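The structure under discussion appears below in the form of structure tokens.
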């Protein structure tokens, strides 16, 4: 039985890939993403965390781009290129893990809110709406400031404040799926809560989840950089921390454009790539959007 | 008159009107109740969140100061930290309900006074930026959505996607570098920080001075916030384009511009404007960042300073106020939407 369903799934996957491939913007985003993640993964082969060490900077301080330092140096004479490269690991890691956390919370609570009618669902929905209203950046700032700024707490702070929109989306989708007749058939055959939610609802919401997670990674990276810039992150390197350094050392007034431009452009390019990818996924997966965009 | 008098049309309308008004009142009451519950949840959550703080808050605030153990105990008693957790909770709730948000460690002044001083400049900056962002976003979104796939539409979508990907603070840094410090041929014409010059003149010149200080922060906020209004307005106009009444208007021979302005936009406006208020939390986050970069002496900067120090009483107070006002704004938007849109009201 599982053999049949796997063949079917593989076919659906191939169909999906065929459709996704036609979306130029989405493909461009995907290529950039693969490139960025690849570069972040191979970074340890060429450099190590010593590039962020304040005393290891041997070049001239705040030097403009030159042959030795293609992207200039910062206030301690560290190479901006090497720091951006090493920092991509932190920024991407936090982006992915925070989005993952947000997705897990959002999916579990969203499916629960849609599946369990009655008081349990109502309470979960109420809590979701409450979190949805809270200003997420402000809440994340408070959480990070209270829990300390380690990588783990930043991930928690972002994940805990960004799940509600996923939960609403998944709840709506769960309600739609559970209204279908085959759920009734399944119930008649004696399926329990666990079987229905994991075997029927989850596979149905999974594609949508993929699109929403991709977009979530984008906003998590922006949030991470903002938290780091506002000084609640204890991370030594991330693109946000670098920009904090550029602000603290007056790079803007000193005209050290490379120090501000390079980390910022990294954020924008990666975030834009995730956004393009996520939007393309949404369009391919959502028939209503597809006809409109055409 | 026959045995069953046909109710006249005006009477039916009046009846429906009354019913609608009662419905609205009930709706508003339910929403207000919900908002109160939400605010209560915020107060409870804040209490436990700030008790999660690792270590002893008194010791933390005594850092760098010479304090004897007796003084520490006195400070503990003053803050009510010598009592049990339930007692502390009751005291916290009581004080918060009386708008007593405690005393700032850093400023040695009541948090509420500090907030009162700062709130005006925040409202000035956020209000101006919001009005500009909303009008620009709605105007551009309506034009883009009216002709989907046109060059204007593609340009608008591209620009909003890029702006959406730009972190607020980075945009602020760029503007600082280009227009405040000056790059190459561009002279630095705008001040880098604050709301007014140290030697600010009186009268009308003062207004101009503040306006000059506001240009860059305002621009940053508008750029970041307006992108999402554009996208929302675009998609709601897009929803209207295929509707029957638009076809009818076209069949009547109305000019294209007239159909857009007088038929499509008013219908598309409502969901957009509501969403503007629904996402006010996002704007608040932007305000914190912008005020931090440009040292704009508002609530956001107060909150940011509280985090930097860290001054937990001040952080707690500003957090409570910001969250509560966002909840109130959301509820208001909900009720106003209900009031304005008959489609929602009858449902």
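Protein chains in written order, with full-length UniProt numbering: chain A, 1 to 294; chain B, 1 to 347.
Where is the CB? At the ideal position from N, CA and C, for every residue including glycine.
Source: prediction; values computed, not measured.
Which parts of the stretch 254-336 of chain B are runs of the alpha helix (DSSP H), unbroken and 4 residues or longer, counting only runs that do not cross its ends?
265-278, 280-293 and 299-308
Check whether residue 330 of chain B and residue 133 of chain A have beta carbons under 8 Å apart:
Working through the second chain from its first residue, we reach residue 330 of chain B at position 330. Working through the first chain from its first residue, we reach residue 133 of chain A at position 133. Yes, these two residues count as a Cβ contact at 8 Å.
What's the C-alpha gap between residue 136 of chain B and residue 221 of chain B?
Within the second chain, numbered from 1, the residue matching residue 136 of chain B stands at position 136. Within the second chain, numbered from 1, the residue matching residue 221 of chain B stands at position 221. Each residue's Cα considered, the two are about 13 Å apart.
Going along the stretch 76-99 of chain A in order, which residues come within less than 9 Å of chain B, judged by CB to CB distance?
none
Please report how far the alpha carbon of residue 167 of chain A lies from the alpha carbon of residue 224 of chain A, in whole angstroms.
Stepping through the first chain from its first residue, residue 167 of chain A is reached at position 167. Stepping through the first chain from its first residue, residue 224 of chain A is reached at position 224. Rounded to whole angstroms, residue 167 of chain A to residue 224 of chain A spans 21 Å at the Cα level.
Tell me whether residue 229 of chain B is buried or exposed, calling it buried when 16 or more other Cβ atoms sit within 10 Å of its Cβ.
As a working mapping, residue 229 of chain B is identified with position 229 in the second chain. Buried, since its Cβ has 16 or more Cβ neighbours within 10 Å.
Write down every uninterrupted run of the alpha helix (DSSP H) in the stretch 16-49 of chain A whose length is 4 residues or greater and which is fully enclosed by it, in chain order.
24-46
Please return the same chain residues whose Cβ sits closer than 8 Å to the Cβ of residue 260 of chain A, not counting the five positions on each side in sequence.
In the first chain, the residue the question calls residue 260 of chain A occupies position 260. If we look at residue 260 of chain A and ignore the five residues flanking it on each side, its Cβ neighbours are 243, 246, 251 and 252.
Whole-angstrom distance between residue 135 of chain A and residue 281 of chain B, CA atom to CA atom
As a working mapping, residue 281 of chain B is identified with position 281 in the second chain. As a working mapping, residue 135 of chain A is identified with position 135 in the first chain. Roughly 4 Å separates the two Cα atoms.
Hey, would you say the C-beta of residue 87 of chain B is under 7 Å away from at least one heavy atom of the ligand NAD?
Ligands displayed in this structure: none; no statement on the ligand NAD is therefore possible.
Identify every residue that forms a DSSP beta bridge with residue 186 of chain B.
By one-based count along the second chain, residue 186 of chain B stands at place 186. The partner list for residue 186 of chain B (beta bridge, DSSP) reads B:183.
Mapping DSSP to helix, strand and coil, what is residue 291 of chain A?
Taking the first chain and counting its residues from 1, one reaches residue 291 of chain A at position 291. Because residue 291 of chain A sits at a pLDDT of 48, beneath the cut-off of 50, its placement in the model cannot be relied upon, and the following sentence gives the value as read from the coordinates. In the structure shown, residue 291 of chain A sits in a helix (DSSP, three-state: H, G or I).
Under three-state DSSP, which class holds residue 73 of chain A?
The residue labelled residue 73 of chain A in the question sits at position 73 within the first chain. Three-state result, residue 73 of chain A: strand.
Using a C-beta cutoff of 8 Å, does residue 146 of chain B count as contacting chain A?
Within the second chain, residue 146 of chain B is the residue found at index 146, counting from 1. Closer than 8 Å: no.
Is there a Cβ from chain C that is less than 8 Å from the Cβ of residue 38 of chain B?
Of the protein chains in the structure, A and B, none is chain C.
Partners in chain B for residue 230 of chain A, counting only beta-carbon separations shorter than 9 Å
On the first chain, residue 230 of chain A is found 230 positions in, with the first residue counted as 1. Those are 169, 288, 289, 292, 304, 307 and 308, listed as they occur along chain B.
Mind pulling the chain B residues with CB within less than 8 Å of residue 237 of chain A?
Along the first chain, read from residue 1 onward, the residue named residue 237 of chain A stands at position 237. Ordered by position in chain B, no residue passes the 8 Å Cβ test against residue 237 of chain A, which lies about 17 Å from the chain.
Counting only the same chain and skipping the five closest in sequence on each side, list residues whose C-beta sits under 7 Å from that of residue 356 of chain A.
Missing from the structure shown is residue 356 of chain A; chain A here goes from 1 to 294 and no further.
Below 7 Å CB to CB, which residues in the same chain sit around residue 175 of chain B once its five sequence neighbours on both sides are set aside?
Sequence index remark: in the second chain, residue 175 of chain B carries index 175 (1-based). Cβ within range, chain order: 216, 219 and 220.
Quick test of your reading: residue 234 of chain A and residue 315 of chain B, contact by CB under 8 Å. State the CB separation rounded to the nearest angstrom.
The residue you call residue 234 of chain A lines up with position 234 of the first chain. The residue you call residue 315 of chain B lines up with position 315 of the second chain. Actually they do not touch by this definition, with Cβ atoms about 17 Å apart.
Short Cβ contact (8 Å threshold) for residue 150 of chain A with residue 219 of chain A
For the purposes of this step, residue 150 of chain A is taken as residue 150 along the first chain, with counting starting at 1. For the purposes of this step, residue 219 of chain A is taken as residue 219 along the first chain, with counting starting at 1. For residue 150 of chain A and residue 219 of chain A, no; Cβs fall outside 8 Å.
Going by alpha carbons, who is nearest to residue 232 of chain B out of B:164, B:211, B:190 and B:295?
Start at 1 with the first residue of the second chain, and residue 232 of chain B comes out as number 232. Out of B:164, B:211, B:190 and B:295, B:164 has the C-alpha closest to the C-alpha of residue 232 of chain B.
Supposed close pair residue 80 of chain A, residue 71 of chain A - CB separation, criterion 8 Å
Your numbering for residue 80 of chain A matches position 80 in the first chain. Your numbering for residue 71 of chain A matches position 71 in the first chain. With 8 Å as the limit, residue 80 of chain A and residue 71 of chain A qualify as a contact, their Cβ atoms being about 4 Å apart.
DSSP beta-bridge partners for residue 79 of chain A?
Working through the first chain from its first residue, we reach residue 79 of chain A at position 79. Partner(s): A:73.
Hey, how far is the Cα of residue 3 of chain A from the Cα of residue 20 of chain A?
In the first chain, counting from the first residue as 1, residue 3 of chain A sits at position 3. In the first chain, counting from the first residue as 1, residue 20 of chain A sits at position 20. Near 25 Å, if we compare the C-alpha coordinates of residue 20 of chain A and residue 3 of chain A.
I'd like to know whether the C-beta atoms of residue 7 of chain A and residue 98 of chain A end up nearer to each other than 8 Å.
For the purposes of this step, residue 7 of chain A is identified with residue 7 of the first chain, where counting begins at 1. For the purposes of this step, residue 98 of chain A is identified with residue 98 of the first chain, where counting begins at 1. No, the Cβ-Cβ distance between residue 7 of chain A and residue 98 of chain A is not below 8 Å.
Cβ atoms of residue 130 of chain A and residue 38 of chain B: under 8 Å apart, would you say?
On the second chain, residue 38 of chain B is found 38 positions in, with the first residue counted as 1. On the first chain, residue 130 of chain A is found 130 positions in, with the first residue counted as 1. Cβ distance < 8 Å, so residue 38 of chain B and residue 130 of chain A count as in contact.
Is the stretch 258-276 of chain B touching the stretch 199-213 of chain B in the sense that three or more CB pairs, one from each, lie closer than 8 Å?
no
Burial state of residue 167 of chain B, where buried means 16 or more other Cβ atoms lie within 10 Å:
Taking the second chain and counting its residues from 1, the one referred to as residue 167 of chain B is at position 167. Flag for residue 167 of chain B reads buried.
When the distance is taken between beta carbons, is residue 277 of chain A closer than 8 Å to residue 26 of chain A?
Taking the first residue of the first chain as 1, we reach residue 26 of chain A at position 26. Taking the first residue of the first chain as 1, we reach residue 277 of chain A at position 277. Cβ distance < 8 Å, so residue 26 of chain A and residue 277 of chain A count as in contact.
Within-8 Å CB hit, residue 291 of chain A to chain B:
Here residue 291 of chain A refers to the residue found at position 291 when the first chain is read from its first residue. The predicted model places residue 291 of chain A with a pLDDT of 48, which falls under 50 and marks its position as unreliable; any figure quoted below should be read in that light. Output row for residue 291 of chain A: interface = no.
What is the C-beta distance between residue 106 of chain B and residue 309 of chain B, in whole angstroms, given that I count them as a contact (C-beta under 8 Å)?
Numbered from its first residue, the second chain carries residue 106 of chain B at position 106. Numbered from its first residue, the second chain carries residue 309 of chain B at position 309. Yes, residue 106 of chain B and residue 309 of chain B are in contact; Cβ-Cβ is about 5 Å, under 8 Å.
8 Å is my cut-off, CB to CB: does residue 123 of chain B come that close to chain A?
The residue you call residue 123 of chain B lines up with position 123 of the second chain. So no, residue 123 of chain B is outside the interface.
Kindly say whether residue 156 of chain B, judged by its beta-carbon, lies nearer than 8 Å to any beta-carbon of chain A.
Within the second chain, the letter at position 156 stands for residue 156 of chain B. No - not a single Cβ of chain A is within 8 Å of the one on residue 156 of chain B.
If I measure Cβ to Cβ from residue 319 of chain B and keep anything under 8 Å in the same chain, skipping five residues before and after, which residues do I get?
For the purposes of this step, residue 319 of chain B is taken as residue 319 along the second chain, with counting starting at 1. Within the same chain, residue 319 of chain B has close Cβ partners 46 and 303.
Any chance the stretch 237-244 of chain B sits against the stretch 110-125 of chain B, with 3 or more Cβ pairs inside 8 Å?
no
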